[in-house]
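Residue numbers (our numbering): 2 to 175.
Below is one structure, written out as structure tokens, with a few remarks after it.
Structure, rendered in structure tokens:
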């Protein structure tokens, strides 16, 4: 049975724009149809210090995969793109892909938490999410994502730098 998943993407190493494009392309091949994609936003690192700014986006995907299968494919895509998982805590990365929502399901396992437990605290997730689904209701907090963004205490700068047009990035300056 087909489900809608919202997936967050971030990168702050290498060719960041290319990393996002490759990840979205692989998600389309390995996970399901990418229905919509937010613009690309440049953001400061969250939870750690780095000289490299992040590029972030959120996509909406139709998938036949169950949550555990979706996580497995995401980990495979991250590995194929060169993601190394070393130690605990936050660090710079070539790609980071998170399941934000999976339908209206609530999953609380050690290996998988849906909805992502920090959505409401991260402006770099909420801004792109609201671009594509502001009226979506968080299944635990029972607030729309527009309301979550309005209530968010994270004051970090989230700067729109590119729009996605049918999967290909274009500068808003073009």
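Using N, Cα and C, we set each Cβ at its ideal position, and we do this for glycine too.
*Select from 84, 62 and 133 the residue whose C-alpha is nearest the C-alpha of residue 29.*
Position 28 of the chain shown, counted from the start, is the residue given in the question as residue 29. Of 84, 62 and 133, the smallest CA-CA separation from residue 29 is found for 62.
*Just how far apart, CA to CA, sit residue 107 and residue 52?*
Numbered from its first residue, the chain shown carries residue 107 at position 106. Numbered from its first residue, the chain shown carries residue 52 at position 51. If you take the alpha carbons of residue 107 and residue 52, they lie about 35 Å apart.
_Cβ neighbour criterion (16 or more within 10 Å) applied to residue 154_ = Position 153 of the chain shown, counted from the first residue, corresponds to residue 154. Per the 10 Å Cβ criterion, exposed.
_Quick check on this structure: which residue in 20, 137 and 11 has the alpha carbon closest to the alpha carbon of residue 59?_
As a working note, residue 59 is residue 58 in the chain shown. When only C-alpha atoms are compared, the closest one is 11.
*By Cβ distance, which residues of its chain are closer than 7 Å to residue 79, with the 5 residues on each side in sequence left out?*
Taking the first residue of the chain shown as 1, we reach residue 79 at position 78. If we look at residue 79 and ignore the five residues flanking it on each side, its Cβ neighbours are 96 and 98.
*If we ignore side chains and look at the alpha-carbon of each, how far apart do residue 167 and residue 18 end up?*
Here residue 167 refers to the residue found at position 166 of the chain shown. Here residue 18 refers to the residue found at position 17 of the chain shown. Annotation note: pLDDT 45 at residue 167 (below 50); position unreliable, coordinate value reported separately. Near 15 Å, if we compare the C-alpha coordinates of residue 18 and residue 167.
_Cβ-based neighbour list, residue 82, same chain, cut-off 8 Å, excluding 5 preceding and 5 following_ = Residue numbering aside, residue 82 sits at position 81 when the chain shown is read from its first letter. Counting only residues of its own chain and dropping the five nearest sequence neighbours on each side, residue 82 has a CB closer than 8 Å to the CB of 20, 23, 24, 27, 95 and 96.
*Run through DSSP, which three-state label would residue 73 get?*
Counting from 1 along the chain shown, the entry for residue 73 is found at position 72. The answer is helix: DSSP assigns residue 73 an H, G or I state.
*asked:* At the level of alpha carbons, what is the spacing between residue 142 and residue 151?
replied: Position 141 of the chain shown, counted from the first residue, corresponds to residue 142. Position 150 of the chain shown, counted from the first residue, corresponds to residue 151. Their backbone Cα atoms lie some 14 Å apart in a straight line.
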